[in-house]
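Participant:
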């Protein structure tokens, strides 16, 4: 049986967080936000505001003080009245990626942490390619790494460097980390949450902090195959890698069935909570290639297009 | 409460306790495993504990199995039995034959006694709880091996301790003991009360070859005969005697009769040994035993009768001047080795001493003519009756025995009787049980024992007449040699150490003294009494018989060295004879008085019993006139079930182990 993978962040794999072919395919995607957020900078996404793009939006009556450059002189010639020609405004999108880097993510074969980093890198790359503003945030008990204001694909090495250098350690405390993140990230936008949600403090409080900021939240629960189908036998003393908590079990079919039922119920409870609050929930098992996850699964489920 | 199966209890404990401990240790040893989170596992364990009302039982199928194991073990402790036969609830007397024939070795290497003991043990183990049993072992004598008890373990232990003997099978005493003890137990020891006695049943474990079976009968209770053994192949020496020739004292004649008791003809060597050295060998060819003496069902013998006789006599002539131990050995491997060797001590030759005691010269004349002139006996002494009564003890006795080989007393009663041989003509030995009565006139001899060694070739026909004689009162064991119409004329009495020939008539009242019959009679008497074989002198006895030792004057202690090397000591102070009865083992017994080497006397105990040598078990056993119910083969006694219960417990244990491992492997 495979024990918990001891390696936290193997160096040699960092370079291959995303391979070039895959990146090329990622360039064709963009992150979908179900909401239209106001932003500060011009970008490639339609804004609620009227602006200066090439796309016509509407006419309105001239009022004193309007910019004379926007008057449609052709309409003035026909109707002898002043109308302003309005165009759609395009702004950028805030894409925040929250990665759980607690010790529990360091388990499974393949490792959940590596899987989460790869997904984070892929999503960040998609966002950067679309000139979205990317914020990366790593947390366990609190936020242990925070990088914001990344824009444009030239920022990709920074993204990789950030993800590479984040150590996998500590107890996870999603509520604390979410509160800190909400305080730091005041702008609205898309939040992609990557975690196994194996948090004894519960997941609801954390979601509430994020929802309070009216963010468009996508939650991706990452589980290892060993968590879904435990290959345990005999009388065991199970030790929690995060808090050294102990559970003594005698493995039986009954117990395994119960565990699987509990796991399913737990995942279902997260999904239900998310659905009721407009949060998109995805479940990823690390035995599936993450490329398939990004290119197919998330695309089908509408996170990217 | 009786722990009838303490052994099973110990076995069960030895099985169950280590097994439980093993399981205990296995359950404790948990392997440590690191996992991402115990969140869901703890919940699962809690759910299992909370949600299942029978969780404790369901969780522990192992516990269930352990309970079953324990139940099986406890069941075995109750000593359950399967009622395969209806066991009598009455009291039981077990008679176990331990005679010489039970030493027969059967096909599986066990002796017949071992088989009988095993059968008896099977029987007592099937006894119901409140039934009592006693065990009597019998051969020539019967001994209570275990008195009435319901303690099966004690019975089994005592039965296992029964040792074989070389003695003949005599059931009479055993039956008497059985009746006596069962009467006692039935009446609570208060004596026999008619009508209220429930006597015990008798179970006989034997090969059915019992010498006195026809003379005995079962007075109370039922008898069942458990036939033991199958072997029939045996040949043995059934008759044996050693004597010195009267004419040639330096030559010893050794006589043995070899008989085949087996179903097939045999050819074997018979050797003569002196002090362990083989001197001579003869071959014997014997046909199968005749139909009457083998198994009645074996009819094949009748179709193929063999021309050879089943018995053959062997005579060896052995020049011997020094004495020693002579033996005859049958060189054959058969089922019973006991009867293949006989031994006997022989003494160096010595001159025969005869004493004639009479006050009448006519009688002395004829006696002297007979002994000196006719038989050429050199050491012949004459005494008057008064000289005999006044003679020193030293003149008449040597080392407690009579100094003469034969003493002839004419018309004289005496009590000076050292162990020896006496002929009384008209007189009587003053011993208990012999009295003289009134005269008997004008009668003639009606019957005389021509086959007796004393009267062999003695022509007591019309030429011999007796005018009158005295009517004699004789002890029961007296052998009547010559009988008149209603009284005894001549008798032979053999007491330990003493042999008397008593003639009721005075020689002067008869023409016997000058008849040839008189000379032949005296010659027979010298040969039979004075130079008699060992059997006649009481030095060759059957197992269980009493050896009578003549005690030298002044001797205080006799030491008997038995054939197995052990010794017994007998106090013989102020006695003229001593007896020794522990002769159940065949072989040579040597008696020494006061540790003096020169006073050693040897006695030979040999089986010499055709009843014991006939080892083919008796299919139909008859006691008295009643045929006894016979049980053959394995006894279907109540079988204990505890081994099965322990077996079931073991199966459960293995099943539990499998379940445990299966659960681990999921």
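Chains as they are written, first to last, in the numbering used here: chain A, 12 to 316; chain B, 1144 to 1809.
Even glycine gets a Cβ: it sits at the ideal position worked out from N, Cα and C.
Predicted model, so just to flag it, every value in this text is computed and none were measured.
1. Residue 184(A): buried (16+ other C-beta within 10 angstroms of its C-beta) or exposed?
2. Helix, strand or coil, according to DSSP, for residue 1490(B) in the structure here?
3. Which residues in chain A sit within 8 angstroms of residue 1190(B), going by Cβ to Cβ distance?
4. Going by DSSP, what residue range makes up the beta strand (DSSP E) through residue 1626(B)?
5. I want to see whether chain A comes within less than 7 angstroms of residue 1162(B), judged by CB atoms only; does it?
6. Please report the distance separating the alpha-carbon of residue 1332(B) from that of residue 1323(B).
7. Beta strand (DSSP E) containing residue 1289(B): first to last residue?
8. Check whether the Cβ atoms of residue 1274(B) and residue 1298(B) sit closer than 7 angstroms, and answer yes or no.
9. Please list the terminal residues of the continuous beta strand (DSSP E) segment that includes residue 1528(B).
10. What residue does the alpha helix (DSSP H) around residue 283(A) start on, and which one ends it?
11. Counting only Cβ pairs nearer than 9 angstroms, list the residues of chain B close to residue 2(A).
12. What is the DSSP secondary structure of residue 1550(B), counted as helix, strand or coil?
13. Going by alpha carbons, who is nearest to residue 1418(B) out of 1431(B), 1489(B), 1366(B), 1349(B)?
14. For residue 1205(B), which of helix, strand or coil comes out of DSSP?
15. So for residue 114(A), helix, strand or coil by DSSP?
16. In the DSSP assignment, what residue or residues form a beta bridge with residue 4(A)?
17. Spell out the partners DSSP gives residue 1410(B) in its beta bridges.
18. Put residue 1630(B) into one of helix, strand or coil per three-state DSSP.
19. For the region 251–269 of chain A, enumerate the residues whose C-beta is nearer than 8 angstroms to any C-beta of chain B, in chain order.
20. For residue 1721(B), collect the residues of the same chain with a Cβ closer than 8 angstroms to its Cβ; drop the 5 residues on either side in sequence, then sort them by chain order.
21. If you reduce the DSSP assignment to three classes, tell me which class residue 251(A) lands in.
22. Given that a residue counts as buried once 16 or more other Cβ atoms are within 10 Å of its Cβ, and exposed if not, what is residue 1531(B)?
23. Give the residues from the region 1235–1259 of chain B that approach chain A closer than 9 angstroms (Cβ to any Cβ), ordered along the chain.
24. Say whether chain A places a C-beta atom closer than 7 angstroms to the C-beta of residue 1811(B).
25. Taking CB distances under 7 angstroms as the criterion, tell me whether residue 111(A) reaches chain B.
26. Measure from the C-beta of residue 1180(B) to each C-beta in chain A and report whether the shortest distance is under 7 angstroms.
27. Determine the closest residue to residue 1728(B) out of 1515(B), 1424(B), 1684(B), 1763(B), with distance taken between C-alpha atoms.
28. Taking C-beta to C-beta, are residue 1625(B) and residue 1612(B) nearer than 7 angstroms?
29. Using the C-alpha atoms, what's the distance from residue 1580(B) back to residue 1614(B)?
30. Is the CB-CB distance between residue 165(A) and residue 144(A) below 7 angstroms?
31. Let me know the secondary structure DSSP gives residue 1802(B) once reduced to three states.
32. Are residue 285(A) and residue 230(A) close, meaning C-beta to C-beta below 7 angstroms?
33. I'd like to know if residue 1184(B) contacts chain A, where contact means its C-beta is closer than 7 angstroms to some C-beta of that chain.
34. How should residue 276(A) be labelled, buried or exposed, when 16 other C-beta atoms within 10 angstroms of its C-beta is the threshold for buried?
35. Below 8 angstroms, how does it come out for the region 112–125 of chain A and the region 231–240 of chain A: are there three or more Cβ pairs, yes or no?
36. Smallest Cα separation from residue 1620(B): which of 1567(B), 1610(B), 1636(B), 1182(B)?
Facilitator: The short version:
1. Residue numbering aside, residue 184(A) sits at position 173 when the first chain is read from its first letter. Buried: at least 16 other Cβ atoms inside 10 Å.
2. Along the second chain, one-based indexing puts residue 1490(B) at 347. If DSSP states are grouped into helix, strand and coil, residue 1490(B) belongs with coil.
3. Your numbering for residue 1190(B) matches position 47 in the second chain. The contacting residues are 269, 273.
4. Taking the second chain and counting its residues from 1, the one referred to as residue 1626(B) is at position 483. Where residue 1626(B) is concerned, the enclosing beta strand (DSSP E) stretches over 1622–1626.
5. For this step, residue 1162(B) is matched to residue 19 along the second chain. Look at residue 1162(B): its C-beta is not under 7 angstroms from any C-beta on chain A.
6. What you label residue 1332(B) is simply residue 189 of the second chain in a count that begins at 1. What you label residue 1323(B) is simply residue 180 of the second chain in a count that begins at 1. Because residue 1332(B) sits at a pLDDT of 46, beneath the cut-off of 50, its placement in the model cannot be relied upon, and the point is left open.
7. Looking up residue 1289(B) in the second chain gives position 146. 1285–1292 is the extent of the beta strand (DSSP E) around residue 1289(B).
8. Counted from its first residue, the second chain places residue 1274(B) at position 131. Counted from its first residue, the second chain places residue 1298(B) at position 155. Taking a C-beta distance under 7 angstroms as the contact criterion, residue 1274(B) and residue 1298(B) do not qualify as a contact pair.
9. Numbered from its first residue, the second chain carries residue 1528(B) at position 385. First-last for residue 1528(B): 1528–1533, but that is the alpha helix (DSSP H), not the beta strand (DSSP E).
10. For the purposes of this step, residue 283(A) is taken as residue 272 along the first chain, with counting starting at 1. First-last of the alpha helix (DSSP H) with residue 283(A): 264–287.
11. Beyond the ends of chain A as shown, which are 12 and 316, falls residue 2(A); an answer cannot be given.
12. Counting from one through the second chain, the residue named residue 1550(B) turns up at place 407. Three-state DSSP puts residue 1550(B) in a strand.
13. On the second chain, residue 1418(B) is found 275 positions in, with the first residue counted as 1. Nearest option by C-alpha distance: 1489(B).
14. Residue numbering aside, residue 1205(B) sits at position 62 when the second chain is read from its first letter. Residue state, collapsed to three classes: helix.
15. Here residue 114(A) is taken as the residue at index 103 of the first chain, counted from 1. Helix, per DSSP.
16. The first residue shown for chain A is 12 and the last is 316, placing residue 4(A) beyond what the model contains.
17. One-based indexing of the second chain puts residue 1410(B) at position 267. Residue pairing for residue 1410(B): DSSP places it in a beta bridge opposite 1428(B).
18. As a position in the second chain, residue 1630(B) is number 487, starting the count at 1. The answer is coil: DSSP assigns residue 1630(B) none of H, G, I, E or B.
19. 251, 252, 253, 256, 257, 258, 259, 260, 261, 262, 263, 264, 265, 266, 267, 269
20. What you label residue 1721(B) is simply residue 578 of the second chain in a count that begins at 1. Answer for residue 1721(B): 1691, 1692, 1694, 1701, 1713, 1715, listed in chain order.
21. Numbered from its first residue, the first chain carries residue 251(A) at position 240. It is a strand residue.
22. Residue 1531(B) sits at position 388 when you count from the first residue of the second chain. So residue 1531(B) ends up on the buried side.
23. none
24. Since the first residue shown for chain B is 1144 and the last is 1809, residue 1811(B) is missing from the structure and cannot be characterised.
25. For the purposes of this step, residue 111(A) is taken as the residue at position 100 of the first chain. Closer than 7 angstroms: no.
26. Position 37 of the second chain holds residue 1180(B). True, the Cβ-Cβ gap to chain A drops below 7 angstroms.
27. For this step, residue 1728(B) is matched to residue 585 along the second chain. Residue 1684(B) is the option with its Cα nearest to residue 1728(B).
28. Reading the second chain from its first residue, position 482 is the one you call residue 1625(B). Reading the second chain from its first residue, position 469 is the one you call residue 1612(B). Contact: no.
29. Taking the second chain and counting its residues from 1, the one referred to as residue 1614(B) is at position 471. Taking the second chain and counting its residues from 1, the one referred to as residue 1580(B) is at position 437. In a straight line, the C-alpha of residue 1614(B) is about 5 angstroms away from that of residue 1580(B).
30. Your numbering for residue 165(A) matches position 154 in the first chain. Your numbering for residue 144(A) matches position 133 in the first chain. Against a cut-off of 7 angstroms, the Cβ pair of residue 144(A) and residue 165(A) comes out as no contact.
31. Here residue 1802(B) corresponds to residue number 659 of the second chain, with the count starting at 1. Looking at residue 1802(B) - three-state DSSP - the assignment turns out to be helix.
32. On the first chain, residue 285(A) is found 274 positions in, with the first residue counted as 1. On the first chain, residue 230(A) is found 219 positions in, with the first residue counted as 1. Against a cut-off of 7 angstroms, the Cβ pair of residue 230(A) and residue 285(A) comes out as a contact.
33. In the second chain, residue 1184(B) corresponds to position 41, counting from 1. Interface residue, yes.
34. The count along the first chain starts at 1 and reaches residue 276(A) at position 265. It is exposed - the Cβ of residue 276(A) has fewer than 16 other Cβ atoms within 10 Å.
35. yes
36. Here residue 1620(B) corresponds to residue number 477 of the second chain, with the count starting at 1. Checked all of 1567(B), 1610(B), 1636(B), 1182(B); the closest Cα to residue 1620(B) is 1636(B).
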